[in-house]
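>
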Amino acid sequence: MTTDQLARATGTPVRTVRHRLDRLRTAGLVDAVRPGREAGSSPRHWWLRVAGARLVAGTAAAPGRQRPSGLHVAHAAAIAEVWLAVRDHGPSAGLALRRWWTDRAGWQEWETTRPGYGSRLRRLTPDGAMLVDVDHDDVVGTAAAWVEVDLATMSQAVLREKVTRYLAYAFDRAWVGRWPHYPPLLLLTTTQARAATFLAAAGRQLAAARRDNLVHGGQASRDIADAHTLVVAACGLVRDPAAAVTDDPVWLLPGDAATRVSLAELLAGRITVQARAQHHHDQADADAARAERVDQLRAIRSATDQVTRLLGAEAGDLVAHWYPGDLPDLLDDDPPLADALLHWWADRDNPDHAGRARRVLTDRHTTAWRRQAAQLLDAADHGGDHPRLRAAATALTAGRLVDRHLVDQLRSPLKTTWTQIQQAALKDYRAHRGDQVATVWSRLGWRARRHTNPTQLGDDHDREHLLVCDTCVIAYPRPDPTGPDWHAGEQCPHCHTGTPLPYEHRDQAPTLDDRLTTIHDRLIAGGKATLPPPGQPGH
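Taken in order, the sequence shown gives residues 9 to 547; the numbers are from my numbering.
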C-alpha cells in the first residue's frame, strides 16, 4: 500500500503515517519501493518484511521473493485502492462494505464434480472478494462480488482462462453455503476499449456455457438457473476506482456495448435474482416436507389396528374413516391434530406424545360423532326410513362414525323407502311361496293336517328360506351358497353393513325408533356411546 492509502485506511495524517513507517523501516519490519523508478514523484509502496509478517501474523510471509517487484506492488496498491473506494464512496451509492478479502485471503478451493483426469481440487484466485450491504431501489440485502484488477499486464488469453475457472466454480455450485449468491466477476482495467475486448471474449464463453447447460422446465427452473449463472462486468477505471463505485452507469456487460449499469444496480440485480431462486427452493423444500408428512399420514391410515391398540378405539375409528385423498387437506384444516399424530408416529414409545395424540384424536372423534348424529336425526325427520339410515343409526348408537359417503347420501332425497325396498326384496319370493306351501299341504295326510295349517307351513317355510339383517331389518331370501349371490349370506345386500340373522330372530334387532331415541338422548346429554376396548365386540 502507498503512504497515502495507509493514511486513509487508518484515518491518520499523512505526516504521522510517514514518520511511523520510517521508524518501522529502521527496525527492519517494513520496506518500500517506488515502482518504475527510485526517485521522482512516484509514491512509496510499502510491504511487510519477514520479521514484520511474523510479528503481525505469528508466521512468516508467504513464500516467494523477499523484495517484491515494482509491478507487483503497483498491482497490490491498485487492489487496495478498490477496497478504499468501496469503503469510502460506497455508502453514498447505497453500498456499505461489510468484509473485504485481498489476494490469498479471498481465494477459493473446491473439488470439482466434472469428470476428468488429474487432481479434482480446483482453485479460484481473485484479486479481491467483497461482501457489501446493498440498499438500492427498494432492494435491501447482502451481496458479494469477485474483483479482478488488470493494469494492462494480463493478456486476453489469461483473462479468458480466469473466466473459465469462474464458470467451473459456478457449474460445481461451489459457492453454495459460502456466499449469499453467486458473486459476479468485476474487472477493473485501464481503458473502456480493453474492457469491451475482454467482455466480447467473455460473452462468447458465457454463451457456450449456456448452450452446454440448457435449462428445461418452467419459470422456476429458469430463475434457479439464472441464479447459478456467472455475471461478468468490466470498466476502464482501474486508475480511478472511486468513479466505478458511484451511481454512474460505468460498468459494461457482455453483448450490447451500450448496456451499462452502476455497481449498486448490478449487485441489487443479483440479490433479486437470488431471492427469486431461493423462493423456488423454499417452495420445493416445503412441498417435499409436506409430501413426506402426507406419506406419514397415509402410513398411519394404513396402520389403523396399531392406532386402535396404542391410542384407543375412538382414535382408531376416527383414523379408519379418513379418506386417503383428504389427508393433504388435513395438514391445513387441523394442524394441531396433524402435528400431534405425526409426533406420536415418529416416537411411539414416548408417553407424552401418545397422551397428546390420544386426547386430540378422542376430541375430534367426539366432535365428528356429534356432527354426524345431528345430521342423521335431521335426515330421519325429513327423509323417512331407509336401510342406509338404519345402518348409520346402528353405527352411531355403538359410538362409531359413519362413512362420509353414507352421510352425503342421507342428505339427498330418498328415491325409495324402507317399505318399498322390503317389498321388492320379497316380491319374487312371495310369488312362489304360496304355491310351495300349497304343494306341501297337498302332500300331507288327513292326520297330519289335523296338527298343522297352511299358516304354520308358511312360517316354517319362511324360517327355512329367509334371512333378516340385524341392522336394517330387511328380510330377504337365503342365497344359494354355490350361486352368484352367495355373499348375501354373509353381509346384507341392502344396507351393506349388517350381518344376516336367522329369520326367527328378527325380533331381536332394535327398531329404528329405539336407536334414534338413544342417539338423541346422548346428543342432548353432550356425550356419545363409548366404543368397546380393542378386541371386544361392539354393542
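We put the CB at the ideal spot given by N, CA and C, even for glycine.
Among residues of its own chain, excluding the 5 on either side of R441, which ones have a beta-carbon nearer than 7 angstroms to its beta-carbon?
Around R441: G466 and H469.
> Under DSSP, the alpha helix (DSSP H) around D340 begins and ends at which residues?
It spans L335 to D341 - the alpha helix (DSSP H) in which D340 sits, taken as one unbroken run.
> Taking its Cβ as the centre, do 16 or more other Cβ atoms sit within 10 Å of V155, making it buried, or is it exposed?
V155 should be labelled buried.
> Starting from G119 and walking both ways along the beta strand (DSSP E), at which residues does that stretch end?
Note that residue 119 corresponds to Glu in the displayed sequence, not to Gly. Unbroken beta strand (DSSP E) run through E119: Q116 to E119.
> Once the 5 residues before and after H83 are set aside, which same chain residues still bring their CB inside 7 angstroms of it?
The answer, listed in chain order, is V157 and L159.
> Just verifying my parser: in three-state terms, what is the DSSP assignment at E156?
Looking at E156 - three-state DSSP - the assignment turns out to be strand.
> Does DSSP put L92 in a helix, a strand or coil?
Looking at L92 - three-state DSSP - the assignment turns out to be helix.
> For G102 and chain B, any beta-carbon pair shorter than 8 angstroms?
Protein chain content of the structure displayed is limited to a single chain, and chain B is not contained in it.
> When burial is assigned at 16 or more other CB atoms within 10 Å of the CB, is G506 buried or exposed?
Result: buried.
> So is H394 buried or exposed if we call it buried at 16+ other beta carbons inside 10 Å?
Buried, by the Cβ-count rule.
> Only counting the same chain, and skipping five residues up and downstream in sequence, which positions put a Cβ closer than 8 angstroms to that of I527?
Answer for I527: A381, L384, L385, A401, L404 and T405, listed in chain order.
> Report all residues from its chain with a CB closer than 7 angstroms to the CB of D12; omit the five preceding and five following residues, and keep chain order.
Counting only Cβ-Cβ distances below 7 angstroms, and skipping sequence neighbours, we find V22 and P51.
> H287 lies in the alpha helix (DSSP H); which residues open and close that run?
Taken as a continuous stretch (DSSP letters only), the alpha helix (DSSP H) holding H287 covers L271 to S310.
> Going along the chain, which unbroken runs of the beta strand (DSSP E) with 3 or more residues stay wholly within the segment 173 to 249?
Whole beta strand (DSSP E) segments, 3+ residues: 193 to 196 and 240 to 243.
> Please report the distance separating the alpha-carbon of P462 from that of V476.
Approximately 22 angstroms between the Cα atoms of the pair.
> Between which two residues does the beta strand (DSSP E) holding A483 run?
Note, A483: beta strand (DSSP E), A483 to P485.
> Where does G534 land, buried or exposed, given buried means 16+ other C-beta within 10 angstroms?
Under this definition G534 is an exposed residue.
> Can you tell me whether DSSP reads R75 as helix, strand or coil?
Three-state DSSP puts R75 in coil, outside helix and strand.
> Can you check which of these residues, R278, K423 and A216, is closest to L193 by C-alpha distance?
Of the candidates R278, K423 and A216, the one whose C-alpha sits nearest the C-alpha of L193 is R278.
> Under a Cβ-count criterion, where at least 16 other Cβ atoms within 10 Å of its own Cβ denotes burial, should S420 be classed as buried or exposed?
Classification of S420: exposed, given that the 10 Å Cβ count is below 16.
> Which word fits P134, buried or exposed, when buried means at least 16 other C-beta atoms lie within 10 angstroms of its C-beta?
With 16 or more other Cβ atoms within 10 Å, it is buried.
> What's the C-alpha gap between D411 and H329?
Distance between the alpha carbons of D411 and H329 is about 6 angstroms.
> From R372 to A294, what distance separates their C-alpha atoms?
So the two alpha carbons sit approximately 27 angstroms from each other.
> In angstroms with no decimal places, state the Cα-to-Cα distance between L32 and R26.
If you take the alpha carbons of L32 and R26, they lie about 10 angstroms apart.
> Who are the near neighbours of R268 in its chain, counting only those whose CB is closer than 7 angstroms to its CB and skipping five residues on each side?
Counting only Cβ-Cβ distances below 7 angstroms, and skipping sequence neighbours, we find P257, V258, W259 and L260.
> What residues in its chain sit with their C-beta under 8 angstroms from that of R186, if we drop five residues either side in the sequence?
If we look at R186 and ignore the five residues flanking it on each side, its Cβ neighbours are Q116.
> Is the beta carbon of A235 sitting closer than 8 angstroms to the one on Q291?
No, the pair does not count as a contact, with Cβ atoms beyond the cut-off.
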